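At position 166 of the sequence shown the residue is numbered 542 (our numbering), and the sequence of numbers has no breaks. By construction, the Cβ of each residue, glycine as well, lies at the ideal position given by its N, Cα and C atoms. Model, not experiment: these values are computed from the prediction.
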Amino acid sequence: MTTNVIGIPLTRVDGRAKVTGAARYAADFNQHAQLHAVIVGATTGLGRVTALDETSARAMPGVVEVISHLNAPRLPYGPHKSFIDPAVGERLHVLQDDQVRFYGQPVALVVADTLDHAERAANALRISYAAERPVVDTHDPAAQTVEPSGSGAHGDTLRGDADRALAEAPVKVDATYDMARENHNPMEPHAVVAAWDGNRLTLWSKSQFVVNEQAEIAAIFGLPAQNVQVICPFIGGAFGTSLRTWPHVTLAAMAARQVGRPVKLVLTRKQMFFTTGHRPRTLQRVAIGATRDGRITSIVHEGNGETSRYEQFTEALLSATSYMYSCPNVRTRYRLTPLDTGTPNHMRGPGEASGIFALESAIDELSYGLGLDPIELRRRNEPTMDEGADKPFSSRSLMQCYDAGAERFGWARRTPAPRSMRDGRLLVGMGVASATYPVFFGPASARVRLHADGTAAVEVAASDMGPGTYTSMTQVAAETLGIPVEQVRVSIGHSDFPPAPPHGGSMTMASVGSAVRAACLAARDEVTRRAVADQRSPVFGAALDGIEWIGGSLRRLGDSSPGQTYHDVVASSGQPVEVHASNQRDADAASRYSMHSFGAVFAEVAIDPDVGTIRVRRAVGTYGAGRIVNPRLASSQCTGGMIGGIGMALMEQTALDTRDGRPVNAHMADYLMPVNLDIGSLEAHFVDEDDPHVNVLGVKGLGEIALVGMAPAVANAIYHATGIRVRDLPIRIEDILTA
């Protein structure tokens, strides 16, 4: 069997475990004598709890405890700053006071012997409030705008004189865009099982960042980090919602300590709309000026995002604007509107997905104003370097993506005029948009053990919410060690494994993959040292640089013999090889180059002109994302992201009741998302891209970028089909019928 497996479309090594039920998710780790907890959320959007009558609840069958601010332990909430969490300010100190900051905020917890008993008792609680009117809409006259603050803020940028150049431009577009709030809705709800053993706590918890959850919970309870273990081997989808440690984890640990037994807490689908973050609603203005031959002379991009009042959430809403197009005059301005809601959170393609929608919609509108093909306009303004950072790109294959994607999609068959293409009575439109996402890289370590039976064990505190971490890391280890994938076992999702960055931001393959490679190389070096020191080895006494490692065997340079397998070396020494290594990145390259993935997304829509129904019939995404470790997994990631982009374009919106901040569609009947019948033909393709600067594997992220360009491609296709420019998301039937 070949050991050159990077780049091979290997099937998932954990696939059988998932389809047979052997894979265990957070709620599957039931413990002996376990109790069940149910959160009671506030039914007002702002105010304070004035009374809590728990008499009836405590008298109900099976109830063990009712916890509220009246009897909850005072927690130290020690300082902790997450690697990825940009929030500035105080955490939500759950059950530590009587204040209500948003609708659904946990105000009590009921613990009982069964879930049914806990739910019944939770419904029996009688809570009174001194309610105030919350501000939950960015258009509310009482809403105020503030500048972002803290290290996570994305500040204003300026080069040239964008406003003057805009005023002088002979052709211009100036438009506003409103993107709805969205909620994560992965298959697996948030869940945690908490168990104490003296002063040590184990959490089986859905988490994309187990080492951060370990540190966060340790800080909240005033414990040494080593006293907390977080276990999460599998995640049933997340899309960013599990990057933070939300209040339910604290509540489960608090309850388990208070009752002296393990406690299981699973959020309902409805509760996930309240307390586990959301993509913030954004309001944007994009103004672009150009010469009559299509040279962009000015870009103004202003954005406003929602945040909570008790902490700030910022995202890279405007970051792509500075480098997507060559332009001497660019101004961006980013502001926040604090609202009486829970804090927003990263959601797939955070920031870029929202900002690119506005920018690429405006570029498309400008192309029609100029009478230019949308791709030709982009080609005329393709930069040779990152003009915002004043750096060369480590690689940028955007135009290659457009060339390859246009051919596969059949862009040449498009007729330019809006409403000019039909299929029978249906209006047909073709749209295109660019996609981009940064190449992130975080510190990571891995541990590798080589056993005498020829197997290798890899351990790292990474996560897998669906992209195939187990499989891709197996491929990196197998190829580096020169052994079949069947002999590699990868273990992840334990906080006591070597630390890894969050499983988000499209950084896992670059960061964790590099660490796994480094650990495997270190293991090879240790095997080589043992072999040259062993008189029984055929390479005994050879210089270290006189040894080559081929196919899992060592031999002297120039020797044609089979050599000695690494497991023979391990067996001969009588001790397994165990090494721990960390990833390394060329700091000079990271400072000298601007590193991003790029892509071109093509969409075709069919619209019924009589009833306004919109269907995305097909889409093609072509991406330049460095080295592709597993084309099968990469294609799956991209088509999944494209589906998320269709949801963003046409369906997803969380509606809040302005009277109390209640999400009125906090269920799967009214929160619309794409299902199989909504999806036509989707294709994902990759251009060859060799980027030696990004990391030792030459990989870039794919999880985020595939969603980033989809919504504007759909919106632009709708304009081409109908001549109606819709600048608010999601685009609904009403937008087509009432225009």
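Looking at the structure shown, is residue i part of a helix, part of a strand, or coil, going by DSSP?
i	result
Gln472	coil
Pro455	coil
Val1070	coil
Asn380	coil
Leu579	strand
Met700	coil
Gly465	For Gly465, the predicted model reports a pLDDT of 42, less than 50, meaning its position is unreliable; a value from the coordinates is still stated below. Strand at Gly465.
Tyr969	coil
Ala506	strand
Asp540	The sequence shown places Arg at residue 540, not Asp. The answer is helix: DSSP assigns Arg540 an H, G or I state.
Gly417	strand
Leu857	helix
His870	strand
His722	coil
Val1051	coil
Arg388	coil
Ala899	helix
Lys640	strand
Glu523	coil
Thr617	coil
Pro449	coil
Glu687	strand
Ser821	strand
Going by DSSP, name the residue or residues bridged to residue i.
i	result
Trp787	DSSP, once it has assigned bridges, lists no residue as partnering Trp787.
Leu826	Ala832 and Val953
Asp573	Arg576
Thr941	Ser929
Thr998	Ala976 and His1061
Lys767	Asp762
Tyr813	Ser973
Arg798	Leu803
Glu558	Arg655
Ala864	The sequence as given places Val at residue 864; Ala does not occur at that position. Answer by DSSP bridge pairing, in chain order: Ala832.
Ile593	Paired residue(s): none; Ile593 is not in a bridge.
Ile990	Ile983
Ends of the alpha helix (DSSP H) at residue i?
i	result
Tyr710	Taken as a continuous stretch (DSSP letters only), Tyr710 belongs to no alpha helix (DSSP H), being part of the beta strand (DSSP E) at Val706 to Leu715.
Val915	It is not in any alpha helix (DSSP H) - Val915 carries neither H nor E in the DSSP assignment.
Gln660	Element bounds for Gln660: not the alpha helix (DSSP H) but the beta strand (DSSP E), Thr658 to Ala666.
Thr552	Per DSSP, Thr552 belongs to no alpha helix (DSSP H); it is in the beta strand (DSSP E), Val547 to Met555.
Asp1111	Ile1109 to Leu1113
Gln634	Pro623 to Val635
His515	Careful: His515 lies outside any alpha helix (DSSP H) and carries neither H nor E.
Leu753	Pro750 to Arg756
Gln1013	Pro1007 to Leu1026
Leu1083	Ile1081 to Val1084
Need the endpoints of the beta strand (DSSP E) that residue i sits in, please.
i	result
Glu678	Ile672 to Ser684
His1061	Ser1057 to Phe1062
Ile443	Val439 to Ser444
Gly423	Gly423 to Asp429
Pro482	Pro482 to Ala488
Ile607	Val604 to Ile607
Check this for me: beta carbons of residue i and residue j, under 8 angstroms apart or not?
i	j	result
Gln584	Pro843	no
Ala413	Leu485	yes
Ala1117	Val487	Outside the shown range of the chain, which is 377 to 1115, sits residue 1117, and nothing can be said about it.
Tyr969	Phe769	yes
Gly563	Gly612	Correcting the residue type first, residue 563 is Met in the shown sequence and not Gly. In this structure, Gly612 lies closer than 8 angstroms to Met563 by Cβ.
Val606	Ser871	yes
Arg1103	Thr658	no
Glu1028	Leu1048	yes
Asp532	Tyr710	yes
Cys777	Gly574	no
Pro510	Gly417	no
Val1075	Gly1002	yes
With hydrogens ignored, establish whether the beta-carbon of residue i is closer than 7 angstroms to any heavy atom of the ligand NAP.
i	result
Ile443	Summarising the ligand content, the structure contains no ligands, and the ligand NAP is consequently not present.
Indicate whether at least one CB of chain C lies closer than 8 angstroms to the CB of residue i.
i	result
Gly531	The structure shown has no chain C; it contains just one protein chain.
Pairs of beta-carbons, one from the region 1083 to 1102 and one from the region 723 to 733, closer than 8 angstroms: are there three or more?
yes
How about the region 852 to 859 and the region 881 to 899: do they share at least three Cβ pairs that are nearer than 8 angstroms?
yes
Using 8 angstroms as the Cβ pair cut-off and three pairs as the minimum, do the region 419 to 437 and the region 501 to 518 touch?
yes
Three or more C-beta pairs below 8 angstroms linking the region 1060 to 1067 and the region 588 to 595:
no
Between the region 805 to 816 and the region 856 to 866, do at least 3 Cβ pairs fall closer than 8 angstroms?
no
Contact between the region 1015 to 1033 and the region 951 to 964 is defined here as three or more beta-carbon pairs at a separation below 8 angstroms; is this criterion met?
no
Using 8 angstroms as the threshold, is the region 392 to 400 in touch with the region 617 to 636, meaning 3 or more CB pairs across them?
no
Does the region 878 to 885 come close enough to the region 816 to 831 that 3 or more CB-CB pairs lie under 8 angstroms?
yes
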